[in-house]
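*Asks:* Just dropping this structure here.
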Amino acid sequence: MRALVTGARGFVGKHLVAHLQGCGDHVIEMDRVIDSPCLEDATAIAAYISSAQPEVVYHLAGQSNVAASWTDPVGTFQTNATGTLNLLEACHAAQVHKVLAVSSSDIYGVVSPQDLPITESVPLRPVNPYAASKAAAEMLCLQWFLGNQLPIVRARAFNHLGPGQSEHFLAAALAIRIARNELNGESTVPVGNLSARRDFTDVRDVVRAYRLLIQHGVAGEAYNVCSGNAVAVTEVAQMLLSLTTTQMTLHLDQSLLRPTEVPVLQGDNSKLHACTGWTPEISLAQTLSDVLGDARKRLSEQTS
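Residue numbers 67 to 370, in the numbering used here, belong to the letters of the sequence shown in order.
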């Protein structure tokens, strides 16, 4: 399969490229860091897709930092929504066989307890600029399927983590702080809101789901990609602390709190499982061990 991956050099993109290549696919990497055109440039995107002639496209590129979306909501919208529109137009013109657009569970927003676990039919109630931009991108995907018959599948990814993730995200940030304390002999780990509960999946399981959705996903449909379990952030922090022999304590840092916080995000993956047979295979304990190992390696390379 000739596959183009946008955001190929990002956290998830690197894992997806490796997985696709391991499956024997021919992968075309598209990412700003390798001088690919930016999503906001419609003309350049159209020329790039036309020249690459992919059979399928995995659309991962975008602004994924929720905190950053509060300081630059316009830029976030332009990248995530307008950028998606430009890509869809290019894919339609190039007659791409199938597109997988990666969305986010953040589009569900604050969900009432009776709606947990979240199915794909739960109304979208985005509460931050990032989530609003992803919800808008989803509506564009739906319009291009209904109005232009572009075969596109939407993947609503819940929290995913693993080695290589940016420190802008929860587990990687905690791991870096813990690893730094191990080196410096410090004992306090600053944290934000520990009461939130999130549905965590290993990124290596997530990218398996993406390829299965390209193979078996029904065009026009949306699928939750999640474990189906909600874990408190405090439990994640304690699990990471248990992996070190150094005594450390968690300390609330007000600067790490977000303007708004969704209390619980727990997804229902039954639609994805029924369509593809996918289930997560990597335990949270193994994932966090790998994340902390990656953090230690990064710090070691920086100090060597």
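The beta carbon of each residue, even a glycine, is placed where N, CA and C say it ideally should be. Since the structure is predicted, the reported quantities are computational estimates derived from the model, not experimental observations.
Measure the CB-CB distance between Val330 and Arg263 and report whether it falls below 8 Å.
*Replies:* yes
*Asks:* For Ala288, report the span of its beta strand (DSSP E) as first-last.
*Replies:* Ala288 to Val291
*Asks:* By Cβ distance, which residues of its chain are closer than 8 Å to Ala340, with the 5 residues on each side in sequence left out?
*Replies:* none
*Asks:* Of the choices Val272, Gln281 and Ala285, whose alpha-carbon is the least far from that of Val78?
*Replies:* Val272
*Asks:* For Pro139, which residues in the same chain have their Cβ closer than 7 Å to its Cβ, ignoring the five residues on either side in sequence?
*Replies:* Pro195
*Asks:* Note down, in chain order, each residue of its chain lying with its Cβ closer than 7 Å to the Cβ of Leu151, except the 5 sequence neighbours on either side.
*Replies:* Leu206
*Asks:* Nearest CA to the CA of Gln320: which residue from Ala361, Ala351, Val257 and Gly283?
*Replies:* Val257
*Asks:* Rounding to the nearest angstrom, what Cα-Cα distance links Ala303 and Pro217 in this structure?
*Replies:* 41 Å
*Asks:* For a quick check, are the C-beta atoms of Ile184 and Asn290 less than 8 Å apart?
*Replies:* yes
*Asks:* Using DSSP's beta-bridge definition, name the partner residues of Val297.
*Replies:* Answer is Arg264, bridged to Val297.
*Asks:* Quick one: Cα of Val188 to Cα of Ser178, how far?
*Replies:* 10 Å
*Asks:* Under the DSSP definition of a beta bridge, which residues are partnered with Pro195?
*Replies:* Answer by DSSP bridge pairing: none, since Pro195 is not bridged.
*Asks:* For His234, which residues does DSSP report across the bridge?
*Replies:* Looking at the DSSP assignment, His234 forms no beta bridge with any residue, so it has no partner.
*Asks:* Between Gln161, Ile111 and Leu82, which has its C-alpha nearest Thr145's C-alpha?
*Replies:* Ile111
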